[in-house]
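Sequence lines, in order, name chains A and B. By the numbering used here, the letter at position 3 of the first sequence is numbered 13, and the numbering carries on one by one without gaps. By the numbering used here, the letter at position 129 of the second sequence is numbered 139, and the numbering carries on one by one without gaps. Quick reminder that beta carbons are idealized off the backbone N, C-alpha and C, glycines included. The next block holds one structure in the form of structure tokens; read it before the comments.
Protein chains: 2
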Amino acid sequence: MLSVLVNGQECKDPAHAVAVHDRGLAYGDGLFETMLLAWGKVRFLDAHLRRLAQGCSKLGIDYPGDDVLRAEIDRVCGSRSAGVVKLVLTRGAGARGYRPAPGAPCTRIVSLHEPVESPSSIRVRWCRMRLSRNAALAGIKHLNRLEQVLAQSEWQDPEVEEGFMLDSEGELVCGTASNIFIVRGHELITHDLRYCGVRGIMRGEVIRIATELGIPVREEPLWPEDLETATEVFVTNAIRGIRSVTALEQFTWPCGHITQSLREAVDRDA
Amino acid sequence: MLSVLVNGQECKDPAHAVAVHDRGLAYGDGLFETMLLAWGKVRFLDAHLRRLAQGCSKLGIDYPGDDVLRAEIDRVCGSRSAGVVKLVLTRGAGARGYRPAPGAPCTRIVSLHEPVESPSSIRVRWCRMRLSRNAALAGIKHLNRLEQVLAQSEWQDPEVEEGFMLDSEGELVCGTASNIFIVRGHELITHDLRYCGVRGIMRGEVIRIATELGIPVREEPLWPEDLETATEVFVTNAIRGIRSVTALEQFTWPCGHITQSLREAVDRDA
Chain A
11 MLSVLVNGQE CKDPAHAVAV HDRGLAYGDG LFETMLLAWG KVRFLDAHLR RLAQGCSKLG
71 IDYPGDDVLR AEIDRVCGSR SAGVVKLVLT RGAGARGYRP APGAPCTRIV SLHEPVESPS
131 SIRVRWCRMR LSRNAALAGI KHLNRLEQVL AQSEWQDPEV EEGFMLDSEG ELVCGTASNI
191 FIVRGHELIT HDLRYCGVRG IMRGEVIRIA TELGIPVREE PLWPEDLETA TEVFVTNAIR
251 GIRSVTALEQ FTWPCGHITQ SLREAVDRDA
Chain B
11 MLSVLVNGQE CKDPAHAVAV HDRGLAYGDG LFETMLLAWG KVRFLDAHLR RLAQGCSKLG
71 IDYPGDDVLR AEIDRVCGSR SAGVVKLVLT RGAGARGYRP APGAPCTRIV SLHEPVESPS
131 SIRVRWCRMR LSRNAALAGI KHLNRLEQVL AQSEWQDPEV EEGFMLDSEG ELVCGTASNI
191 FIVRGHELIT HDLRYCGVRG IMRGEVIRIA TELGIPVREE PLWPEDLETA TEVFVTNAIR
251 GIRSVTALEQ FTWPCGHITQ SLREAVDRDA
């Protein structure tokens, strides 16, 4: 961690900074965003803040407002031109018990981390861990992430960059930290996330750009069998961009031209 | 909060005690126990530590060992004779990203709170929030508790003590912070928690005592319709013991003699 602000205060001792009774810690009662700092600018900041505000609305947490968060993100980035910005927003400190006290101030943690390197094409694997279904929590980036933690614990092979996750009914929803797109014919298809998964910022960007480029996009239930007829497969993530999936057990796919043109268009837009 | 130990150290400033990058905060990556201190003794301590150790095993967290935890619980209770002891165990501080680093030391937070008063019979309501299903997480008391938080946010009426929760398929699993038993004929029935819910310590105690008293207990799927044929309904919780449920919308039940005899047997055992 390069620097961190907690509730707008520079944090001298990040190891002792959060309340023992913070509800983020007690119950995962909060949200987060992970954003790319590149060429001195946080990419898709508007979209990240919009998703965060939507998450707050779903959880009944008072959104602190764009201005406060933008200012703190600016401060934590300082003069750095590249990195990863993480923003955690919890319902704040509270008494014991699940019921939130109304109107308690939330906790804001904004931190800057080293940039990451990402290959443009990757191998993936299946995860045994399933995603549970709850439409009330689907799409938002809340702090209840044990399923992703346990899914990523299933492998250590650094050659395998991502794991594909099914939900409890067997739908192919997403990667542990990415959304999945498949190309079939001239169409893009991605899971509709109606019961689980995170409505990714890069996912939204790909849908927007594909539509501009005249590539139809469908958001609908996906199943493992859909991989059999896919001509290209890629995953998206706000930090790592668009990565071609070239292998998953018996499947192999090329790093195809639709994936490449989308990646170029996203890079051009930066 | 009356007193708190973090990793065995007395915590002078509970508002600034936990790392900003603790995985409990980042992902709800941990477990907790809430225990009753009564007459200077923590009730069912063995059972609480056993469930915690099982949770560690499921999540792949190194259990710190009974001796360490018993000593810290003793210290935090001091000479107090009554209260609530909360123990939070997280996977500890970590770098950004879901995958846990192997062998990192966990974070232990042991805190003592004021005792609570509980009525012996209560009114309950239905929650709209559903419980999601994930057999890999069922039964353990992990820190991913947004569903319970949002369920308890559904009402403020202090006359209504608990809310009943269905899972995504409509089974009647548990209260927001309790397990449910129904009496039918001379049998006890409680949900089997195969997909969600917490394997409550008082639930286990009731099953043990009922069996000793010659009352058959079945653990199986429960449905809302099962309430129609129930002659008694009660909920269990380690802090609040056994509470008769006397009203839920159109339903009313007596505080019946099986519930009363179980409550007396649990109290006798203390």
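Comparing C-alpha positions only, which one of A/V52, A/K96, A/P110 and A/R61 sits nearest to A/H31?
Closest by alpha carbon: A/P110.
Can you tell me which of B/V86, B/S91, B/V98 and B/S89 puts its alpha carbon nearest to the alpha carbon of B/G65?
Considering only alpha carbons, the answer is B/V98.
Is B/G34 helix, strand or coil when you go by DSSP?
Three-state DSSP puts B/G34 in a helix.
Sorted by chain position, which residues of the same chain lie with C-beta nearer than 8 Å to A/P129's C-beta, five sequence neighbours on each side aside?
Counting only Cβ-Cβ distances below 8 Å, and skipping sequence neighbours, we find E171 and R253.
Does the beta carbon of B/C21 sit closer than 8 Å to a beta carbon anywhere in chain A?
Chain A has a Cβ within less than 8 Å of the Cβ of B/C21.
Which residues does DSSP list as the beta-bridge partners of B/Q19?
For B/Q19, the pairing in a beta bridge is given by DSSP as B/V16.
Contact defined as beta carbons within less than 8 Å: I believe A/S163 pairs with A/N247. What is the distance between those atoms, to the nearest angstrom?
That pair is no contact at about 19 Å.
If we ignore side chains and look at the alpha-carbon of each, how far apart do B/R155 and A/Y37 end up?
Rounded to the nearest angstrom, the gap between the Cα atoms of B/R155 and A/Y37 is 5 Å.
Under a three-way DSSP split, which group does B/V78 fall into?
Looking at B/V78 - three-state DSSP - the assignment turns out to be helix.
Which residues of the region 23-35 of chain A have a Cβ closer than 9 Å to any Cβ of chain B? Give them in chain order.
Within the region 23-35 of chain A, the residues whose Cβ lies closer than 9 Å to some Cβ of chain B are D23, P24, A25, H26, A27, V28, A29, V30, H31, D32, R33, G34 and L35, listed in chain order.
Does the CB of A/R155 have a neighbour CB from chain B at under 8 Å?
Yes, its Cβ sits closer than 8 Å to a Cβ of chain B.
Cβ-Cβ distance between A/H201 and A/E181 below 8 Å:
Yes, they are a contact pair.
Contacts of B/I119 in chain A (Cβ-Cβ under 7 Å)
Result: V30.
Hey, A/S121 and A/M212: beta-carbon distance below 8 Å or not?
With contacts defined as CB atoms closer than 8 Å, A/S121 and A/M212 fail to qualify as a contacting pair.
Between the Cα of A/T269 and those of A/A105, A/I219 and A/F54, spot the shortest distance and give me the residue it belongs to.
Nearest to A/T269 by alpha-carbon distance, out of A/A105, A/I219 and A/F54, is A/I219.
If contacts are defined as beta-carbon pairs under 8 Å, then A/C206 and A/V243 qualify, I think. What distance do you get, rounded to the angstrom?
Not quite, the Cβ-Cβ distance comes to about 20 Å (not below 8 Å), so this is no contact.
Whole beta strand (DSSP E) elements within the region 57-131 of chain A, 3-residue minimum:
Listed in chain order, they are 93-100 and 117-123.
Test: B/Q270 CB closer than 8 Å to a CB of chain A
Residue contact check for B/Q270 against chain A: no CB pair falls below 8 Å.
Give me the Cα-Cα distance between B/I192 and B/V255, rounded to the nearest whole angstrom.
If I take the Cα positions, the gap works out to 10 Å.
For a quick check, are the C-beta atoms of B/G18 and B/E82 less than 8 Å apart?
In contact: B/G18 and B/E82 (Cβ atoms closer than 8 Å).
Please classify B/T239: does DSSP put it in a helix, a strand, or coil?
Correct three-state label for B/T239: helix.
Does the beta-carbon of B/S142 have 16 or more other beta-carbons within 10 angstroms, so that it is buried, or is it exposed?
Buried: at least 16 other Cβ atoms inside 10 Å.
8 Å Cβ cutoff, B/L160 in contact with chain A:
At least one chain A Cβ lies under 8 Å of B/L160.
Interface partners of B/K96 on chain A, CB under 8 Å
What B/K96 touches in chain A: R106.
To test your reading of the DSSP string, which unbroken alpha helix (DSSP H) runs of 4 or more residues are found completely within the region 179-266 of chain A?
Within the region 179-266 of chain A, the complete alpha helix (DSSP H) runs of at least 4 residues are 211-222.
Please list the partners that A/P234 has in chain B, where partner means a Cβ-to-Cβ separation under 9 Å.
Per Cβ cutoff of 9 Å: no residues; A/P234 is ~19 Å from chain B at best.
Per DSSP, cross-strand counterpart(s) of A/H152:
In DSSP, A/H152 forms a bridge with A/L41.
Chain A contact for B/S142 (CB, 8 Å cutoff)
So yes, B/S142 belongs to the interface.
Helix, strand or coil: how does DSSP classify B/E169 here?
DSSP places B/E169 in coil when its eight states are reduced to three.
Take the Cβ of B/T262 as the centre, count every other Cβ of all protein chains shown within 10 Å, and call the residue buried at 16 or more, exposed below.
Label assigned to B/T262: exposed.
Residues in the region 67-88 of chain B with C-beta within 9 Å of chain A's C-beta atoms, listed in sequence order?
Here the close residues are K68, L69 and G70.
Taking its Cβ as the centre, do 16 or more other Cβ atoms sit within 10 Å of A/K22, making it buried, or is it exposed?
A/K22 comes out exposed.
Chain-order list of residues whose beta-carbon lies under 8 Å from that of B/A114 (same chain, five-residue window excluded)
Once the five neighbours on either side are set aside, the close Cβ partners of B/A114 are R101, G102, A103 and G104.
B/E197 and B/P231: beta carbons closer than 8 Å?
Cβ distance not < 8 Å, so B/E197 and B/P231 don't count as in contact.
Residues that B/R109 contacts on chain A, provided the C-beta gap is smaller than 7 Å:
Contact annotation for B/R109 against chain A: Q162 and S163 [CB-CB distance below 7 Å, chain order].
CB contact check: B/S178 to chain A, cutoff 8 Å:
In terms of beta-carbon proximity, B/S178 lines the interface with chain A, with at least one pair separated by less than 8 Å.
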